[in-house]
Each structure stands twice: as structure tokens, then as C-alpha cells.
Amino acid sequence: MLLTTPTVLLAVASFAAVSQGSVIKARAETHQVTLVNNCVSGNPVFLYEGNDKQGSGTVSGPLRGGVAWMDSYGDCQSSGVNCGIVEFTLINESNLDPNGNPYQNSADYSLLTGTAWATTSCDTYNMNFDFNGDGCNKGPGACTGNSAAQCPGAYLGSATEGGAPTQCVADNVGITITFC
């Protein structure tokens, strides 16, 4: 059988595509956390599951149980106790929950008070967050006070239900959190 020029070119192109496909590697999961401090005192920090508090940075792999707050601001204590916080999870959609569904990137404001926080008041400062990434560029709007109207989607007072986290599904999403 005589191979014609188009057949040979098709065979070479197919081989090249398969060869290059085996070399391409999936991009590793990373999440950029950017903390912006517009306050006159304190330092913006965050921590997440199994890690110590830190400033802005890139996290390799899933970021679960993130909490950001202003350290050394007013009566703020470790993990944001006595202060307003932003809670967040950043995880690629390729990670599946036990039911086989993709996880979602999620964040919310929390201005909780009461026995769980060992206080009856909360030092608050303005907070804002936005997700950064392909198909995931949103936030609920700024949190400027201790009410549902002033702090969209926040968990308020002593109620641990009633908040509305902002969620989206995309890979390698980051978050920018601004204080004051």
C-alpha cells in the first residue's frame, strides 16, 4: 500500500499530539491569599487548617478552614477572637467531596459574640473580600457594621446559622482581603 502525502502528515501530526500530550502535566493546585491593611494599627494575618498564622502568601494544595483577622488590633486575640474575621476555604473543583461533588471556594464574614468567643462584644473594623481567578471574581460587598444590611452574608451575634457564604467553583482561586 502506498501512503499518500496527506496520510503521512496525518500520521505524523497524530504521533506528535500523543507524544506531547504525555509530557504535559497538570498545573499544581495553588491559592494566593493577599491581605491589605488600611488600618492605623494591627497586622493582617491568616491561618488555615494545620498551619500557624502568617501574612500574605501562596498556599500549595487545598486551603481549608482559613481565618483572617487584624492581629494586635484593639482587643483582638489569637485566631481573631473578639474581632471581625473573614472565614474562607479555597479548593480546586477536581477535589471531590464524599458524594462525588466538586468542592467550592467559599468565604464569609463572621462577627460572632457570646460564650463561644468568651466575650459579649466584638471589635469591628471594615472588611472586604473578593475572589481572584478565572470564573471566580466576586465578593459580597464590604462589611462596614454589625448588621445584615451593613455586613452582607455575615454570621452575626451569637447565631452560628443564618450567614450566607459567597461561593464559586474554579481552580487555583485566590482571595484578596482588605481591612479598614
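Start counting the sequence shown at 915; every next residue gets the next number (this note's numbering). Every residue gets a Cβ at the ideal spot worked out from N, C-alpha and C, and that includes glycine.
Residue i in three-state terms, based on DSSP
i            : result
residue 1097 : Missing from the structure shown is residue 1097; the chain here goes from 915 to 1094 and no further.
residue 1072 : coil
residue 979  : strand
residue 992  : helix
residue 1050 : coil
residue 957  : strand
residue 1080 : strand
residue 1085 : coil
residue 1024 : strand
Which residues DSSP lists as bridging residue i, in chain order
i            : result
residue 1018 : According to DSSP, which records beta bridges pairwise, residue 1018 is partnered with nothing at all.
residue 1092 : 950 and 1042
residue 1057 : 1041
residue 985  : 957
Cα-Cα separation, residue i to residue j
i            : j            : result
residue 953  : residue 988  : 11 Å
residue 995  : residue 1068 : 16 Å
residue 1038 : residue 959  : 15 Å
residue 985  : residue 942  : 31 Å
residue 1015 : residue 1003 : 16 Å
residue 1011 : residue 1005 : 11 Å
residue 961  : residue 1092 : 16 Å
residue 1087 : residue 1072 : 31 Å
residue 1074 : residue 1026 : 8 Å
7 Å Cβ cutoff met for residue i and residue j
i            : j            : result
residue 1084 : residue 1053 : no
residue 1059 : residue 1066 : no
residue 976  : residue 1013 : no
Closer than 6 Å: residue i CB and nearest the ligand MN heavy atom
i           : result
residue 993 : With respect to the ligand MN, the structure offers nothing, as it holds no ligand at all.
Beta-carbon separation (whole angstroms), residue i vs residue j, contact threshold 8 Å
i           : j           : result
residue 999 : residue 982 : 6 Å
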